[in-house]
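Okay, so here's the structure we're looking at.
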Amino acid sequence: MKIANALKNRTDTETLNKHGFFYYLNRDKQLYLMLLIPIFFVLLFKITPMFGTIVAFKDYKIAKGFWDSDWVGFQVFLDIFEKRDFLRALRNSLLLNTLDLLLSFTAPIILSLLLNEIKSVKLKRINQTLLYLPHFLSWVIIAAIAYQLLSLGNGVINNIIESLGGSRIPFLQEDNHWLISYLLIGVWQSMGWGTIIYLASISSINPELYEAATVDGAGRLRKMWNVTLPGIRVTIVTLLIMNLGRVMGGSFERIYALANKATTEYTTTIEVLVYRWGIEGGNFSRATALGLFQALIGLMLVIIADRIAKKLGEDGLL
Amino acid sequence: MKASYNLITAKPKKRFDTWDVLINIAVIMASLACLLPLVHVLAKSLSSDAYVIANKVTLWPMGFTLEAYSKVFADSSILRSLYVSVVVTIAFTILGMIITICAAYPLSRKQLKGRKVLTFVFLMTLYFSGGIIPEYMLINELGMLDTWWALILPQAFSAFNFLIMRSAIYSNIPVSLEESARIDGAGHFRVLLNIVLPLSKPIIATLSLFYAVGRWIAYQDALFYIKQNVDLRPLQLKLYYMVVQASESFQLEATQVQVTNPDVLKAACVIFATVPIIIVYPFIQKYFVNGVMLGAVKE
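Chains A and B supply the protein sequences, listed in that same order.
Per UniProt numbering, the first sequence runs over residues 1 to 318.
Per UniProt numbering, the second sequence runs over residues 1 to 299.
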């Protein structure tokens with residue numbers, strides 16, 4: 001602080017003792033000028049839409065505009081809760097995301113335990129490079145590849161099944177098969193990338209623990225179970241809490257790219273319904289209310305998960 | 001105790017370990033599962049129609065031909081989409097980095113008044129957002145629907161990247177270095193340009209890649225904001241309509257050979273859109289891994 005003051009002696013001698021608002025504004029004016037750019041973007045594109053959520057409590061009419069549309073309180077929400085589409089979307093979101101959590105959350109843990117056991121550095125690195133690859137593909141590309149591989153008439157997987165004497169499976173053309181394919185494609189896309197954090201967490205485990213376990217006669221599986229897994233427990237719990245918030249909202253891009261006309265049973269999730277009602281249907285109030293409902297439940301789930309984790313003696317997140 | 005310790009360390013190193021083999025096989029299978037689908041699509045895209053229709057192609061092209069690619073490159077709307085994607089990605093990355101640096105450097109200076117409030121507001125956007133529809137309404141009100149701006153401006157501020165940039169400046173730039181420059185009479189702009197940015201090259205590279213790859217593979221905002229103006233469809237959205245929804249056919253200009261299997265063309269499109277990522281992937285991978293670590297440490 002003294003240096004800063006000394007620096008400013010030449011211009012600010014008279015304001016030195018006051019240290020009012022303008023003194024600081026003047027001293028760091030270049031910094032404040034820089035900040036104007038991010039402030040502009042945050043205010044316009046992040047904060048303004050937050051206030052925009054009040055259309056959920058209005059009966060928005062394009063002719064009347066944002067400000068003059070009538071207030072309706074919670075009526076929009078009450079209307080939504082009676083819609084059949086809503087109940088189905090809620091069920092689908094919960095179903096898809098819960099199953100996804102079970103599979104896509106555990107797969108990276110298992111995979112990182114296995115990767116950690118590979119001794120050859122080179123082999124490990126090649127495997128990692130390949131496993132990370134799907135993370136860099138867009139959902140459109142992944143869906144396109146999935147249809148090339150899994151379609152009923154000419155998918156290569158079905159070709160192989162048939163040549164082995166089996167019958168063709170409608171992986172993406174029948175509701176229940178679609179659900180399983182959707183989940184496995186999710187595992188495929190995320191399992192490699194998910195290992196990064198766990199591998200880093202494993203590398204910080206004290207090697208002496210492994211030596212001690214070896215001395216005590218622990219085999220490889222024993223060490224995985226009794227040293228590695230407890231060593232990354234904190235990471236697992238933290239990520240689990242963060243992921244629980246997503247039980248209400250999955251990736252729009254994923255479900256929208258993988259959905260098709262033949263399988264409509266599970267493909268309308270909440271975020272797809274928000275898109276249909278709002279952007280396709282133009283019913284902004286209803287779609288905003290649905291989005292708000294989804295966000296609030298997601299937040300609640302995170303808080304509840306955090307409380308439970310703390311009760312169980314973990315560090316928690318919040 | 002001592003004896004048993006010696007016994008274990010003294011055992012021969014090269015012992016056949018069943019678990020070793022099983023684990024290696026499992027991991028290699030998983031890796032192949034990530035690679036082979038792309039190999040198959042590549043093989044298909046290079047095969048002639050007859051073999052593809054007969055379901056003969058698996059991992060190697062049959063009846064090698066580049067016909068599908070010549071059709072992709074003859075389709076002006078696909079090339080246009082590529083152009084849109086390239087322009088949007090470059091503009092978005094540059095803008096995003098300017099915003100990130102302009103937020104991270106001032107807010108990493110401890111003497112700045114109002115630093116805590118602004119940091120709080122910036123980081124709040126990490127956890128809360130207005131949601132899809134209010135954002136759409138805003139873009140609509142601003143008259144940005146069906147314009148380039150809708151693809152460049154709204155997502156340009158990333159709280160996550162800001163967080164990483166700020167902690168990188170905190171930890172990489174010694175305060176003493178900055179102070180001595182200030183005593184020599186350098187202003188904040190000079191310090192930023194001559195000291196902070198040159199010392200932050202690795203993190204700038206990492207975050208630029210975050211921005212660029214994120215922009216390149218996203219299609220949701222384009223789906224929402226680019227509706228009538230088909231000339232502004234980025235590659236991923238174009239691909240969605242063409243390959244996934246199959247609602248749009250190829251604009252076969254002056255091609256007499258109409259009987260091309262759509263599967264071959266689709267495969268060629270997938271490869272066409274994936275190649276840019278595959279080319280840069282080996283170089284950017286380590287930056288991304290580092291970035292994930294930085295984000296994880298901070299959170």
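Each residue gets a CB set at the ideal place from its N, CA and C atoms; glycine is no exception.
{"query": "Hey, is residue 91 of chain A's beta-carbon within less than 9 Å of any beta-carbon in chain B?", "result": "no"}
{"query": "For the stretch 225-241 of chain A against the stretch 255-262 of chain A, are there 3 or more C-beta pairs whose distance is under 8 Å?", "result": "no"}
{"query": "Please list, in chain order, the residues of the stretch 147-165 of chain B that have any C-beta partner in chain A closer than 9 Å.", "result": "153, 154, 155, 156, 157, 159, 162"}
{"query": "Below 9 Å between beta carbons: does that hold for residue 55 of chain A and residue 252 of chain A?", "result": "no"}
{"query": "Chain A beta carbons: is any one of them nearer than 9 Å to that of residue 32 of chain B?", "result": "yes"}
{"query": "For residue 61 of chain B, go through chain A and note every residue whose CB falls closer than 8 Å to its CB, in chain order.", "result": "Those within 8 Å of residue 61 of chain B in chain A number zero; the least Cβ separation is about 13 Å."}
{"query": "Write down every uninterrupted run of the alpha helix (DSSP H) in the stretch 23-87 of chain B whose length is 4 residues or greater and which is fully enclosed by it, in chain order.", "result": "49-53, 67-74"}
{"query": "Which complete alpha helix (DSSP H) runs does the stretch 67-96 of chain A hold, if anything under 4 residues is left out?", "result": "75-81"}
{"query": "Chain B beta carbons: is any one of them nearer than 9 Å to that of residue 132 of chain A?", "result": "yes"}
{"query": "Closest by CA to residue 199 of chain B, which one among B:222, B:178, B:173, B:182?", "result": "B:173"}
{"query": "Since residue 63 of chain A is in the alpha helix (DSSP H), which residue starts that stretch and which ends it?", "result": "Segment: none, residue 63 of chain A is in no alpha helix (DSSP H) and carries neither H nor E."}
{"query": "Does any CB atom of chain D fall closer than 9 Å to the CB of residue 266 of chain B?", "result": "Note that chain D does not occur in the displayed structure, where the protein chains are A and B."}
{"query": "Under a three-way DSSP split, which group does residue 263 of chain A fall into?", "result": "strand"}
{"query": "Determine, using beta-carbon pairs with one atom in the stretch 36-56 of chain B and one in the stretch 270-287 of chain B, whether at least three such pairs fall under 8 Å.", "result": "yes"}
{"query": "Do residue 345 of chain A and residue 127 of chain A have their CB atoms nearer than 9 Å?", "result": "The displayed coordinates of chain A run from 1 to 318. Any statement about residue 345 of chain A would go beyond what the structure contains."}
{"query": "Between the C-alpha atoms of residue 78 of chain B and residue 157 of chain A, what's the straight-line distance to the nearest angstrom?", "result": "29 Å"}
{"query": "Among residues of its own chain, excluding the 5 on either side of residue 217 of chain A, which ones have a beta-carbon nearer than 7 Å to its beta-carbon?", "result": "none"}
{"query": "Could you give the DSSP three-state label for residue 110 of chain B: helix, strand or coil?", "result": "coil"}
{"query": "Using CA coordinates, which residue listed in A:28, A:224, A:122 is at the minimum distance from residue 202 of chain A?", "result": "A:224"}
{"query": "Output, in sequence order along the chain, the residues in the stretch 94-112 of chain B whose CB is closer than 7 Å to any CB in chain A.", "result": "98, 99, 102, 103, 105, 106, 109, 111, 112"}
{"query": "Out of curiosity, what's the CA-to-CA distance linking residue 32 of chain B and residue 174 of chain A?", "result": "27 Å"}
{"query": "Below 6 Å CB to CB, which residues in the same chain sit around residue 70 of chain A once its five sequence neighbours on both sides are set aside?", "result": "59"}
{"query": "Measuring only between beta-carbons, confirm whether residue 274 of chain B sits less than 9 Å from chain A.", "result": "yes"}
{"query": "Name the two residues that bound the continuous alpha helix (DSSP H) containing residue 271 of chain A.", "result": "270-274"}
{"query": "Does DSSP put residue 173 of chain A in a helix, a strand or coil?", "result": "coil"}
{"query": "Taking C-beta pairs closer than 7 Å, name the residues in chain A that residue 321 of chain B reaches, listed in chain order.", "result": "This structure does not reach residue 321 of chain B, given that chain B is present from 1 up to 299, and the question cannot be answered."}
{"query": "Express the C-alpha separation of residue 159 of chain B and residue 95 of chain B in angstroms, rounding to a whole number.", "result": "14 Å"}
{"query": "Can you tell me the Cα-Cα spacing of residue 35 of chain A and residue 138 of chain A, whole angstroms?", "result": "33 Å"}
{"query": "In terms of residues, what are the limits of the alpha helix (DSSP H) holding residue 215 of chain A?", "result": "207-215"}
{"query": "Can you say whether residue 206 of chain B is buried or exposed, counting buried as having 16 or more other CB atoms within 10 angstroms of its CB?", "result": "buried"}
{"query": "Taking residue 227 of chain A as the reference, which of A:245, A:207, A:238 has the closest Cα?", "result": "A:207"}
{"query": "Mapping the DSSP letters down to three states, classify residue 167 of chain B as helix, strand or coil.", "result": "helix"}
{"query": "Rounded to a whole number of angstroms, what is the C-alpha to C-alpha distance between residue 292 of chain B and residue 170 of chain B?", "result": "18 Å"}
{"query": "How far does the alpha helix (DSSP H) with residue 127 of chain A in it extend, from its first residue to its last?", "result": "121-132"}
{"query": "Rounded to whole angstroms, what's the CA-CA distance from residue 254 of chain B to residue 237 of chain B? Just pull it up for me.", "result": "Unreliable placement is indicated for residue 254 of chain B, whose pLDDT of 38 sits below 50; the coordinate value is still reported in the next sentence. In a straight line, the C-alpha of residue 254 of chain B is about 25 Å away from that of residue 237 of chain B."}
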